[in-house]
Every structure is written in C-alpha cells, then in structure tokens.
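One structure below.
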Amino acid sequence: MQKIAIIGLGFMGTMHAQIYQQLRHASLVAVVDKKVARARQALVTLGLEAKVFGTVEEMLKNCDVDVVDICLPTDLHAPFALKAISAGKHVFCEKPLALTLSDGRKIVAAAKKAGVFFQVGHCIRFWPEYMAFASFVKSRKAGKLLSLSLQRRAGRPSYSEEDWLNNQARSGGAALDLHIHDTDFVHHLLGRPEAVTSVGTKDKTGWSHIFTTYHFKAVAVTAEGGWNYPPHWGFQMAFQAVFERGAVEFDSGANPTLVVTLGDGKKQPLAYKSPGAGESSTGSGNISSLGGYYNELAAFINSLQKKMAPGVATGDQAAESLATTLSEIKSATTGRKIVL
Amino acid sequence: MHQVLIMGFGLMGRMHGDVYARLPDVKVVGVVDSSPEAAGKALRKHALGGVPVFENLASAAAAVDFSVADICLPTDLHCNIALEAFAAGKHVFCEKPIALTSEEASAMVDAAQKAGRQFMVGHCIRFWPEYVELKRLVESGEHGRLLSLSMNRRTGRPGYSVGNWVNKPERCLGAALDLHIHDADFLLHLLGTPKAVVSQGLRDETGWSSIATHYVYEGRTVTAEGAWNYPEKWGFQMRFTAVFEHAALDYDSRYGLFLGAGATDPVVLPVRPLDGYHHELAYFIKCLEQNEPVAISTGEQASASLDLVLAEIESAASGQPVFLNK
Numbered sequence: 001m002q003k004i005a006i007i008g009l010g011f012m013g014t015m016h017a018q019i020y021q022q023l024r025h026a027s028l029v030a031v032v033d034k035k036v037a038r039a040r041q042a043l044v045t046l047g048l049e050a051k052v053f054g055t056v057e058e059m060l061k062n063c064d065v066d067v068v069d070i071c072l073p074t075d076l077h078a079p080f081a082l083k084a085i086s087a088g089k090h091v092f093c094e095k096p097l098a099l100t101l102s103d104g105r106k107i108v109a110a111a112k113k114a115g116v117f118f119q120v121g122h123c124i125r126f127w128p129e130y131m132a133f134a135s136f137v138k139s140r141k142a143g144k145l146l147s148l149s150l151q152r153r154a155g156r157p158s159y160s161e162e163d164w165l166n167n168q169a170r171s172g173g174a175a176l177d178l179h180i181h182d183t184d185f186v187h188h189l190l191g192r193p194e195a196v197t198s199v200g201t202k203d204k205t206g207w208s209h210i211f212t213t214y215h216f217k218a219v220a221v222t223a224e225g226g227w228n229y230p231p232h233w234g235f236q237m238a239f240q241a242v243f244e245r246g247a248v249e250f251d252s253g254a255n256p257t258l259v260v261t262l263g264d265g266k267k268q269p270l271a272y273k274s275p276g277a278g279e280s281s282t283g284s285g286n287i288s289s290l291g292g293y294y295n296e297l298a299a300f301i302n303s304l305q306k307k308m309a310p311g312v313a314t315g316d317q318a319a320e321s322l323a324t325t326l327s328e329i330k331s332a333t334t335g336r337k338i339v340l
Numbered sequence: 341m342h343q344v345l346i347m348g349f350g351l352m353g354r355m356h357g358d359v360y361a362r363l364p365d366v367k368v369v370g371v372v373d374s375s376p377e378a379a380g381k382a383l384r385k386h387a388l389g390g391v392p393v394f395e396n397l398a399s400a401a402a403a404v405d406f407s408v409a410d411i412c413l414p415t416d417l418h419c420n421i422a423l424e425a426f427a428a429g430k431h432v433f434c435e436k437p438i439a440l441t442s443e444e445a446s447a448m449v450d451a452a453q454k455a456g457r458q459f460m461v462g463h464c465i466r467f468w469p470e471y472v473e474l475k476r477l478v479e480s481g482e483h484g485r486l487l488s489l490s491m492n493r494r495t496g497r498p499g500y501s502v503g504n505w506v507n508k509p510e511r512c513l514g515a516a517l518d519l520h521i522h523d524a525d526f527l528l529h530l531l532g533t534p535k536a537v538v539s540q541g542l543r544d545e546t547g548w549s550s551i552a553t554h555y556v557y558e559g560r561t562v563t564a565e566g567a568w569n570y571p572e573k574w575g576f577q578m579r580f581t582a583v584f585e586h587a588a589l590d591y592d593s594r595y596g597l598f599l600g601a602g603a604t605d606p607v608v609l610p611v612r613p614l615d616g617y618h619h620e621l622a623y624f625i626k627c628l629e630q631n632e633p634v635a636i637s638t639g640e641q642a643s644a645s646l647d648l649v650l651a652e653i654e655s656a657a658s659g660q661p662v663f664l665n666k
C-alpha cells in the first residue's frame, strides 16, 4: 500500500484525490493546502478522510508517507518537489515540470540522486484515445504515418486558485500549460523534432494561443493550443492523422470520439480501452472523464508496487517536452525557426 | 440575357450547368467537351437536354451565339482557351486556379483588359455563405478584433476527374494549388497580402498532396491546411476557427456555423441559402447584366492567389519562409 500526500487541493488535487480513492494500492493519508479549513471541507464533500496540514514541513513531521503528489501552480513545482525529494519521498508532479529548463533539470537530477521515483502528469500519454492511436501508428495497419495535426482549445480558465493560470509569471500561459500536452504527445509518438516554427496570440496572460509546425524528416506535424476562446465555448481536444492507406481522427466533442478510415473502406469507430474510473464530481475545469488521469496515477502506483521505475512521462521526458515548448515560445516571440 | 458556352462538362461544368438553369438572365447555349456522347448524356441528366455539344470554341462560335465562355477545363488548359475566348470577344468565367504559372495568369489578365471583356475566376469561397459571414464579422468589429484564424480543407484523393488530371502534377500541381488555394484566396480577400508564408507539405507522385501554412500578418495569427490524401471514402471537410477578442466563430461543413460569444453557449448562426457556386455565378451574371466591372474574384485577385500558393510551395520545398514583396 502506498501512502500518499497531495500538495494543493485545487482542481487537479481534487481530481487526484478521487482517483486514489479508487486505486487498490494507494491510500490518501494527508493533504497540504495553505487554506486548511477549505481543504477539510473539500475532503468532507468528497467523502474522504485525510489529515490536513498548512505546510509540507508539518506534514512530513507528522505523517509517514511514501508519495508526495504535487498539484500546485507551476512556479511552485521546483521548490516543493525538491523538498519532497530531499525528504526521500517518491514524487508525482503535475505538468508542466517547471517554468524553466534549469528548474526542470534540477528536479530531475535531484530525484535521480535521491533514488526516488518521479513521474510527471503528462496525462495525454495515458489518455485512452491517444493510447489507442499510438498503438495504431505502431501497428502500421494503415502504413506509414504521413501527417498529424493536433488541437487543444478552451475557454479562458477561470477555476484556478488566485487565478494563477492567467498569470504568465506563474503558469507560462496556454503555451506552457495547455499546449504542452500535445508537444509532449508528439515527443511520445515521434521523438524530438529537428526544429519548431511557432506563431500565436500573446496577451497580458502570456501566449494564450500558439500554433506550431514541428519539423520532422518524414512526417508533417502541426499543433494548436489556445485558451482564449469565449468563457462558454467549452473544451475540445482533437487530432487528425493521415497514413499511407488510412486516416484516424479524434475529437473530444464528437460521437464516437475516435474514428478510423482504412483503405477504401468507410469511417468506423476505432476501439479503445477506458479505465474503470467514472466521472469526476468536481464539475469544474475542462475535463469530465477521469480517463488519462486515472491511468497515469495507476501506472505510477503500479511502478511503486513493483519497484520498477516509471517509463512513461518520466522526468527526462517531461524536461524534453518543456525544452521544446520553451523553444516554441521562443520561435513565436522571435519569428524564427528554432533548431532543437 | 446572356448566352453561355460551358467548356468542359465534367464535375465543375455540370455544377455550373445546374446553377445557370436556376438563374434568370442567362442561358446555356452550348457545351464544349472532348467526349460528346458522355456530355450529351450528362446534359439530359442536368435538365439541359438538347443543348448542343461542340468540339472546340471555334466550332461552337460558328454555330451558336454566346457572350460568355465558362471554362471548366483542367488547369493546364485554362490559359490558351481563355486567350482564344477573349480574342473572340467573349466574357470569361474561368474555374480556379487561374493557371499553373504567373506568366500564364498575367497573359490572361492582359488579354481580358485588351479585349475590354469581363473576367472572373471561380474562387467560390469568397461567395460561400459561412465565409461571407466570417468576413462580415471581421469587418464589423462587433466581437472585437480578429486574433487568430485557422482554416482546413480536407478530402479523400479525388477520383472523379477526366483522365485523372487532378492527380497529375504537371496538369494541376496537387492539392496545394487545386484545393488549398481556396483558403489562400479567401485570406487575401479577408486580410490582404501577408508579409511572409511558412509552409510544410507532403509531396508524392501527384504533387503536393498536403500543405500547411503559417501566414505572417501583423497582430494576428493565421494558419491554413489543405490535404487530399485522406482515404477514398473519407468524405470532404472544410472548416475554420476564428478567435476574436470577445467571441469565437467555428465552422465545420459537417456541423454548421457556430458563434460563441460572452456568457452564453455557442449558438448556430443562420446563413443565406444556396452555396458559393450559385452566388459566384449569380454575381458574375449580375455584373454582366448591369454592365459593372467584376470586383470580387477578378483575374488580378486570382493571379495574386496563385502567386501566394506558389510562394507556399516554394517554402514547403525549401523549408524556409518566403517573403512577399507587395
């Protein structure tokens, strides 16, 4: 049994708490949140029992935990991850890994040195439809992948504590907080691109909409991520993939969500495996299904149980995705192609 | 009343035949097609039974009176036929893209001017109701400034063309010039010439079958993708997403046009009935009837669209941005 402490019981922390509740080998024993009373109330609402602390130091002193799960704003990832790692805890850290590459690398190096397990919340690697797509690509059922374009669109996030998501200095804007999901998935699927060319919309909250061309030798890849849609526009993640002898499309707003067209056949649903978890009851944010969130935490707990280091969404992988996303921001800022 | 000779009675010629049949002030008086039997059969199916089929423009001109040549032929044939039509004193409606090269396009524009005849190119998206609404919203500013626009045009590989000409790069230049030019042209119509283009594409034995472009404009982000390397029965999709300061406009040919603004969920926007093919030809005939120069989708504009796409192809081939000095 892995004993878990969640740091930050906001949107994502609440989501994780609900998932741990469903995982057989995980037990949420502590929550750290500077708003102690509100966190207690949230746990009652969720029907969960865990000790609540105002600081991570108090929690570490009073609780014997195996895992620290960091669901804090991005600017706090590095200091809190380093604290947890130096206390010898395994760490699950929300994406993006950090705001800067040097912070990101510091965390990854510290985890390696301490010999603790470390995984980052790049949930799209674990998202059922994206997983099914990745195995479809590997199967080569439709031949070689020729092109892939990915989209992630949302209304402006209004649910974050102190509105930190709309504070560029804390979140890095939509480019680093939202779009990095697709950058990370591109790495997962195809490895690191040779170069990136990006353009986008920048406002006082940072790059709130970014469009990138990923330069690979043999495949044409583009992605778009933006949260400057109207507040009630909703959320959409989607991709279109063209193969030598087929096409696969995903649209979170369509039914069915994942469709394949093979050869001269008609469109048909592409099967994917949904985890057992149900809907999130938080009702906020832009995701209603626990799918990838469940899978990523289940994988992390499983690797702890089996004492085998996580292989998907590792610190190194997250650092690489961060580096590429920062290069995209640099490209959008300078108007130049950035070679990686 | 204007009499039209449709040149080439393939997919597009038949489409135009259907539109003319519904329009006042215009009559199809003849068709030129290299397969007279197939054309005759198709004419009957398209409620144009009895319309004579000719071998070429000259034989048509000798037999029937017409004021308009409507060129629905493969792209590589546009220039010569248009020059012949202008020389014969005809007004010309020519399918897009205007031609395969800038030189051909200039020759066509010059010939129209010299002949003092009207010249319009079939960039139907300028007349497509949902795109007309997008332009109206950009220009009215009622939802604030346009921040970004992304456009897509996707389809299965075209299997309908006579002699399979659209899959021959030397006749059509691939999806970039035949399909994607719709969006490139509309961008010129909406936003003027971009400073530069940065493109990425896929090239196969049929030419550029897929292209994706960033258009560099001051203060807004614009991208467009066009591909016809989807599977045969995949269908067709055109779509765009426009983000304004206070709204987002989403169009998908499979779902319709949606406006999301302020504190309400996106709503379906009604658009005017009939499609861009109808509206472009109705506009052309109206210009002829009222003796007003064509102002939308002119030869000059179509030349600029061709140049833009050729710049995109150059960028896709070189991997470098291409700057447009205009």
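Residue numbers (the working numbering), protein chains in the order written: chain A, 1 to 340; chain B, 341 to 666.
For each residue, glycine too, the CB sits at the ideal point set by N, CA and C.
For residue i, count neighbouring Cβ atoms within 10 angstroms of its own Cβ and tell me buried if that reaches 16, exposed if not.
i	result
R170 of chain A	buried
K436 of chain B	buried
F676 of chain B	Chain B is shown from 341 up to 666; residue 676 of chain B falls before or after that span and cannot be answered.
P269 of chain A	exposed
E244 of chain A	exposed
A37 of chain A	exposed
Y229 of chain A	buried
P661 of chain B	buried
R152 of chain A	buried
F663 of chain B	exposed
K430 of chain B	buried
D64 of chain A	exposed
D103 of chain A	buried
Q453 of chain B	exposed
On the three-state DSSP scale, how would you describe residue i?
i	result
I438 of chain B	coil
S280 of chain A	In this prediction, S280 of chain A has a pLDDT of 49, which is less than 50 and means its spatial position is unreliable; what the coordinates show is noted afterwards. Coil at S280 of chain A, not helix or strand.
I85 of chain A	helix
S288 of chain A	Note that S288 of chain A has pLDDT 47, beneath the 50 cutoff, so the model's placement of it is unreliable and the number below is only indicative. The answer is coil: DSSP assigns S288 of chain A none of H, G, I, E or B.
V196 of chain A	strand
S321 of chain A	helix
F300 of chain A	helix
N228 of chain A	strand
P269 of chain A	strand
F426 of chain B	helix
C71 of chain A	coil
V404 of chain B	coil
Q660 of chain B	coil
C627 of chain B	helix
N569 of chain B	strand
S490 of chain B	strand
Y555 of chain B	strand
T257 of chain A	coil
Against residue i, what residues of chain B qualify as contacts under a CB-to-CB distance less than 9 Å, listed in chain order?
i	result
H232 of chain A	G600, A601, G602, A603, T604, D605, P606
T197 of chain A	V538, Q540, H554, P661
Which bits of chain A does residue i rub up against, with CB to CB less than 8 Å?
i	result
V583 of chain B	T201, H209, G226, N228, Y229
L487 of chain B	T201, H209, N228
Along chain B, in chain order, which residues have C-beta atoms closer than 8 Å to that of residue i?
i	result
A247 of chain A	Y570, P571, W574
G265 of chain A	P571, K573
T213 of chain A	V538, Q540, A552, H554
T261 of chain A	Y570, P571, K573, W574
Please report the Cβ distance between residue i and residue j, rounded to the nearest whole angstrom; I am assuming they are in contact, meaning their Cβ atoms lie under 8 Å.
i	j	result
N492 of chain B	E565 of chain B	5 Å
V391 of chain B	L383 of chain B	5 Å
Y20 of chain A	L9 of chain A	Their Cβ separation, rounded to whole angstroms, is 12 Å, which puts Y20 of chain A and L9 of chain A out of contact at 8 Å.
Which residues in chain A sit within 7 Å of residue i, going by Cβ to Cβ distance?
i	result
L542 of chain B	L146, S147, A220
E482 of chain B	Result: empty, since nearest Cβ-Cβ is about 14 Å, beyond 7 Å.
T561 of chain B	V199, G200, T201, H209, F211
L664 of chain B	Chain A residues near L664 of chain B: none, gap ~15 Å exceeds 7 Å.
Run down chain A in chain order and give the residues with a C-beta less than 9 Å from the C-beta of residue i.
i	result
V490 of chain B	The sequence given here has Ser at residue 490 of chain B, not Val. Under the 9 Å cutoff, chain A gives Q151, F211, E224.
A447 of chain B	Correct list: empty, because the minimum Cβ distance to chain A is about 34 Å.
Practice prompt. May I ask you to verify whether the stretch 577-595 of chain B touches the stretch 468-477 of chain B, counting CB pairs closer than 8 Å and requiring at least 3?
Written response: yes
Worksheet item: Does the pairing of the stretch 90-108 of chain A with the stretch 193-200 of chain A give three or more beta-carbon distances under 8 Å?
Response: no
Practice prompt. Tell me, please, whether the stretch 502-520 of chain B touches the stretch 353-364 of chain B by the rule of three or more beta-carbon pairs shorter than 8 Å.
Written response: no
Worksheet item: Per the contact definition of three or more C-beta pairs closer than 8 Å, is the stretch 157-175 of chain A in contact with the stretch 208-215 of chain A?
Response: yes
Item to complete: Spell out a yes or no on whether the stretch 314-325 of chain A and the stretch 136-145 of chain A are touching, meaning 3 or more CB-CB pairs, one atom from each, closer than 8 Å.
Response: no
Item to complete: Decide yes or no for the touch test of the stretch 472-482 of chain B against the stretch 629-644 of chain B: beta carbon pairs closer than 8 Å, at least 3 of them.
Response: no
Worksheet entry | Contact set between the stretch 128-147 of chain A and chain C, restricted to residues whose Cβ is under 7 Å from the partner | Looking at the structure shown, chain C is missing, and the protein chains on hand are A and B.
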